[in-house]
Structures are given as C-alpha cells and as structure tokens.
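Novice: Here it is: the structure, laid out below.
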Amino acid sequence: MTAPARLVAARRLLRSPRIRRRAATLVVAVLGAVIGVLLVPATTTQVGPLTASVHLIPSLASDTVILLPPVGEVHFDTHTAPVRIEARVQGVDVAAAEQLVSSASGLSDLARTAPEDLTRAAAINALLNALFAAGGAALAVALTFRRARRSLVAGGSAAGLVALSVAATAVTFRPQALYQPTFEGLLSEAANVADIGAGTLADYEDYRATLAEFVGQVSALYIAADSLPSAGADADLVTVLHVSDIHDNPQAFDVIAQLDDQFDLDLVIDTGDIISWGTPWENDMVARIGTLDVPYVFVSGNHDGAATSAVIAAQPNATVLDNQVTEVAGLTIAGIGDPRFAADDDSDKGGWTAGKDAVSGAAFQLGDTVEDWDASHPEDPVDLALLHDPTQPAGLEGRVPLVLSGHMHTSKVELDRDGSGTDWLTVGSTGGALASGGVRPVLEGGEPLDLTARLLRFDAATGRLVSYDDVTMGGLGMVSVAIHRTRMPAETPELEVPADAETPATPVPTEQEVAPGEGLPDEERVTPTDPSSPLPGPSDSGEG
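For the sequence shown, the numbering used here gives the first residue as 560, with consecutive numbering after it.
If you want it as structure tokens, here you go:
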C-alpha cells in the first residue's frame, strides 16, 4: 500500500463511529476516575504519639511528603510511579510523646509498630483510590452513554490502572531515599527538624529505625511547641520580627518571608549591618525588602553606608530612621543609624576610640529626641528605640522602656538594665554573618554561627512587650531549628498616694490593750514591784 493510500485508510479509521465512541468513552472515564480520586478522603492513623492522615494522590512528582504544620514540609524521592504519598501530622498526644521521648524502650517499640501503621494506612487509602476511581469512571460513563457494559468496563479499567500505579510504587519504593530529605517552609531555611543521618544504603530494618527516630524527633518538636507559654491570649497583640546583621546572606530574606507566612507578622525591625562592604551588587540584594508583604523599619549599622539606606528607603514597605520617631503597626518607634562606616574605618590610627565616642553621642542624641517626643506627645510616648551597637548604652538608659540592637552577632536579653528601668534586647546575626566572619569558625574546625531572629509580641493597647520568641536555626551546613518563648514578668503598679490625703491619727490604746510599761511616756511608766511592798498612802503623800 502506498503512503497516500495508508493516509486515506487512517483517516477513514478515525472517522469510524466505533473509534469515536471508544475515544469518547475513554475521555469520559478518565474524567470520572480523576473526580473520584479527588474525592477520596485521607486515611487517619496513629503513628506512636502522632495522629497522621495518609493520602495517595496521582502526581508526576513521585515522592513521599510529610507535612508538619506550621514549620514546613519534608520531601523524600522514594519511588518512580506517578503517585504522591502525603502524610500530614494533624495532632500530637503530648503526654504520649513525652513518655516516648523519656522512655528507654520507646523508640524500639515505635520502630516495631510505626512502619506497619503507615503501611496499613497507605494500603487502605490505595484501596479507596481504586474504589473511588472505579466508581467515578463507571458512573460518568453510565450517565453519559447509558450503557451498562461500557460503564462496567470503564470502572474495571480505572480500578486496574490505580492498582497498577500502587503496585509500581511498592516495587520501586527506595527506603534509602529517607536519608536524603528535601525541605520546604521554615524547615528549608533551617535545613532540618530532625537529623536522621546520612547513608547510601538502607534495608527494611534501617528504614524502621529511621522512621522511629524521625517520629521521635517530630514529637519532641511538638512537645516544645505545646510547652510554650501563652503570649497573652486575652490581649490584642502586635507581632514584630527583630532581625539584624544579615551581612549579605539572601537566605535571611527567605527566613523572614517564611516567618511572616507562619506567624502573620505586623512589622519587621532591622537594626543594621544588612550588607558588609557597601558595593553596588550588595545594594541590589537589599532591594528584596520590597518583595516582603510586611512593613520594614531599618536603622543602619556600621557596615551600611548612605547608598544602602537610600535603596532601602526607596522600597514601598520600608522606613529608614535616623534620629527620628515614627508610628508603625500601632507602635511608636525611635531610631538612629550608626555614625560609623566600616569602609572608612581607620581604627589603626585611633579612629576606633573616636568611633566609640560617636556611638555614645548617637545614643544621647536619640535619647534627647525621645524625651522631646514624649514631652510633646504625652498621650503617645515612644514604645521602643532602635540602635545598632549596644556597647554605649548610657544615652538611652532610663529614657525609653525598651531598646532593640544588634552588632554583637550573639543574642542577649537585659531586663531593667543597670536598674535604669530600660529593657535591652540584642539579637544575633539573622544571616549567620556569613560575609562578616561567620564562616571563619568552620574554617577553623568549629561550627558556624546560627541564624537567629526574635519574635516580639506587644500589647496593642499599651505598647508594652508581652513576650518574645527566640528563633534559632543551624548555620552553614547545620541541621537544627528551635523556638523558645519567654514571657515578660508582670509589672507591679506603684502605690499612688493622693497629694491631699491626710495621715491617719495614731489610735490611743485602751486600758485593756496596754501592757504594763507600754504605750505610756517614760515618766508615766509604772515599774512593777514586789507585792509585799507597801503601796503609797496618804501619809506618804505629805497631805494632812
């Protein structure tokens, strides 16, 4: 047969009513099966102390996903079939989790039962997928074509296809993939919530132990979250993220975005050193501030020049303070930039001493600005002040209730600093100071600086700090994330005595209330004598 003849035959075949019916039936069956699979409910199971829902979803991603709200997701490339195995942690029995973590045999018991629990849930959900796919395909074909035989064929084919996919998943499943997780959400910035080791090969027993360890560490995470004291549920709170010393690490902006997604920030405060050298390419990175969907208040550090501040000020959500007061998210904030610029540092010629004096002068200058504002706005005084370098604090102590600072690359909290009534909170490096000495510990055989940030919660009515959460993530190559909450001590109101109040008179004791020799002037006190002593009589008084 010639080529034109074959083309004509193919066209006739496609125009055949039988082929068109089969094609239409296939399309309708596939759509019905897809709708059926989308309606499959997740299968709930108990994995140790964790309540998890397991769901098998048609997908080209071909991975296993563990969802850990609110800290993110963990992905494992475990198989090659077009199926996504999704397990979502829905709740934790905290008492059982504490028993698991503290028990010597807890992990071994969990290793024995956890794989079977997850496998059973996955099998049940796979069966539901097959049933729903078959039912969806059969129902769609029956309603469309009104043919019982055709609908039965469609339903059986859909069930067989689902069964084939599940079988392919089981056959191609690679337990060793559990040693190579990929993270999303806040976990992606910290690298991991559970360090489950590194390896290239794993048999079923290794898989059991790995799964038990992972569940144990996730349980520990939720125990920690459950133990966080309330931030003040009865108060209307303003949530502020304090970051500092990013030093050119773009990962810090990912951390900020994730924390905003998970904790619904009202404001970000940055106390400087967002860059390290003041070059144009660094300033281009700083423009990422404009992509954040939250107000951003900035004071410059000693590594930030005027060009950097100008780029930040140009962002639609940013405010740069330099000896100014602003009101953002209901808080009244004062701030001043660091007077030094590292690119012009001449510390080898005595410039460092002059720089310290300049920092001290900036603190006093901002303190004066705070007092001027408070005097002219008695109904809305300054709630907090921002200063990059905390080493010269005298100018602000006693003049503002709270100061936020950075510069030290180490977090520190000083409540009522030096008895001044000023709380001083310094946060470490949110960028791990990677471009400013943060890698040096690694080169010297140590550990890199952690990435740190601090969540502050203020009472919207009073502007006072209610609690703060220290967020710590492992630095370069490290695998850890921790959130520790501290609730501020309650303030004891001072007893106020009205100026016109009268001092109450001292009551005069009655005869029954006065002990011998008490309550009388010295000259009126009677010293008890021996009962046999003669009492003074008229003859002793000299009267006739």
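Idealized CB from N, CA, C, for every residue including glycine.
I'd like the ranges of any beta strand (DSSP E) spanning at least 3 consecutive residues and lying wholly in the stretch 821-853.
Specialist: Entirely contained in the stretch 821-853, the beta strand (DSSP E) runs reaching 3 residues are, in chain order, 826-829.
Novice: Rounded to whole angstroms, what's the CA-CA distance from Leu800 to Asp820? Just pull it up for me.
Specialist: Rounded to whole angstroms, Leu800 to Asp820 spans 12 angstroms at the Cα level.
Novice: Per the DSSP calculation, Glu886 is bridged to which residue(s)?
Specialist: Partner(s): Thr891.
Novice: So, is Asp927 buried or exposed, given that buried needs 16 or more other C-beta atoms within 10 angstroms?
Specialist: Classification for Asp927: exposed.
Novice: By DSSP, does Phe900 sit in helix, in strand, or in coil?
Specialist: In the structure shown, Phe900 sits in coil (DSSP, three-state: anything other than H, G, I, E or B).
Novice: Could you tell me the boundaries of the beta strand (DSSP E) in which Arg643 lies?
Specialist: Where Arg643 is concerned, the enclosing beta strand (DSSP E) stretches over 642-651.
Novice: Have a look at Ile578 and Leu585 and give me their C-alpha separation to the nearest angstrom.
Specialist: Rounded to the nearest angstrom, the two C-alpha atoms are 11 angstroms apart.
Novice: Leu597 to His966, Cα distance in whole Å?
Specialist: If you take the alpha carbons of Leu597 and His966, they lie about 52 angstroms apart.
Novice: Could you check the C-alpha separation between Gln649 and Arg679 for me, to the nearest Å?
Specialist: Cα to Cα, Gln649 sits roughly 18 angstroms from Arg679.
Novice: Please list, in chain order, all residues of the same chain as Ala1104 whose beta carbon is under 6 angstroms from its beta carbon, the five residues on each side excluded.
Specialist: Within the shown structure, residues of the chain are numbered from 560 to 1103, placing residue 1104 beyond reach of any answer.
Novice: CB-CB under 6 angstroms to Ala934, same chain, minus the five flanking residues each way: which ones, in chain order?
Specialist: There are no such residues.
Novice: Of all the options Asp843, Gly860, Leu943, which has the alpha carbon lying nearest to the alpha carbon of Gly500?
Specialist: The chain is shown from 560 up to 1103; residue 500 falls before or after that span and cannot be answered.
Novice: Leaving out the 5 sequence neighbours to the left and right, which residues in its chain are closer than 6 angstroms to Gly694 when beta-carbon positions are compared?
Specialist: For Gly694, where only same-chain residues beyond five positions count, the Cβ hits under 6 angstroms are Gly595.
Novice: Where does Phe1017 sit, in a helix, a strand or coil, going by DSSP?
Specialist: It is a strand residue.
Novice: Whole angstroms is fine: what's the gap from Glu552's alpha carbon to Leu826's?
Specialist: Not covered by the structure: residue 552. The range shown for the chain is 560 to 1103.
Novice: Runs of 3 residues minimum, wholly inside the stretch 933-997: which ones carry the beta strand (DSSP E) assignment?
Specialist: Complete beta strand (DSSP E) runs here, min 3: 943-945, 961-964, 971-973, 982-985.
Novice: Our contact map puts Ala588 next to Val700 with C-beta atoms below 8 angstroms; I'd like the distance itself, whole angstroms only.
Specialist: Contact flag correct, Cβ pair sits at about 5 angstroms.
Novice: Would you call the stretch 806-824 and the stretch 948-958 touching, i.e. three or more CB-CB distances under 8 angstroms?
Specialist: Short answer: they don't touch.
Novice: Report the three-state DSSP secondary structure of Leu1024 (helix, strand or coil).
Specialist: Strand.
Novice: Between Thr989 and the ligand ZN, is there a pair consisting of the residue's CB and a ligand heavy atom that are separated by less than 7 angstroms?
Specialist: For the structure depicted, the ligand ZN is absent and the ligand set is empty, with no information on it obtainable.
Novice: The alpha helix (DSSP H) with Ile805 in it runs from where to where?
Specialist: It is not in any alpha helix (DSSP H) - Ile805 carries neither H nor E in the DSSP assignment.
Novice: Quick one: is Trp983 buried, meaning 16 or more other Cβ sit within 10 Å of its Cβ, or exposed?
Specialist: It is buried - the Cβ of Trp983 has at least 16 other Cβ atoms within 10 Å.
Novice: Taking the alpha-carbon positions, what's the Val593 to Ala692 distance?
Specialist: So the two alpha carbons sit approximately 7 angstroms from each other.
Novice: Alpha carbon to alpha carbon, how far is Asp843 from Ala811?
Specialist: Between Asp843 and Ala811, the C-alpha separation is close to 15 angstroms.
Novice: Can you check whether the CB of Val624 is closer than 8 angstroms to the CB of His634?
Specialist: In contact: His634 and Val624 (Cβ atoms closer than 8 angstroms).
Novice: Mind checking whether Leu925 and Leu946 have CB atoms under 8 angstroms apart?
Specialist: It is a contact, given that the beta carbons lie within the stated cut-off.
Novice: List the endpoints of the continuous beta strand (DSSP E) containing Thr602.
Specialist: Start and end: 602-606.
Novice: In its own chain, which residues sit with a C-beta less than 6 angstroms from the C-beta of Asp736, not counting the 5 before and 5 after it?
Specialist: Correcting the residue identity first, residue 736 is Ala in this sequence and not Asp. Cβ within range, chain order: Phe635, Asp636, Thr637.
Novice: Just to confirm my understanding: we take Pro617, look at its own chain, exclude 5 residues before and 5 after, and list those with CB closer than 8 angstroms. What are they?
Specialist: Around Pro617: Val593, Val596, Pro641, Val642, Arg643, Ser724.
Novice: Look up Pro674 in the DSSP assignment and say whether it is helix, strand or coil.
Specialist: If DSSP states are grouped into helix, strand and coil, Pro674 belongs with the helices.
Novice: Per DSSP, His638 forms a beta bridge with which residues?
Specialist: BP columns for His638 are empty, so no partner.
Novice: Check whether the Cβ atoms of Leu690 and Thr604 sit closer than 8 angstroms, and answer yes or no.
Specialist: For Leu690 and Thr604, no; Cβs fall outside 8 angstroms.
Novice: Any idea what DSSP makes of Val599, helix, strand or coil?
Specialist: Coil.
Novice: If contacts are defined as beta-carbon pairs under 8 angstroms, then Asn808 and Gly991 qualify, I think. What distance do you get, rounded to the angstrom?
Specialist: Confirmed, about 6 angstroms.
Novice: What residue range is occupied by the uninterrupted beta strand (DSSP E) comprising Val730?
Specialist: Here Val730 belongs to no beta strand (DSSP E); instead the alpha helix (DSSP H) covers 707-731.
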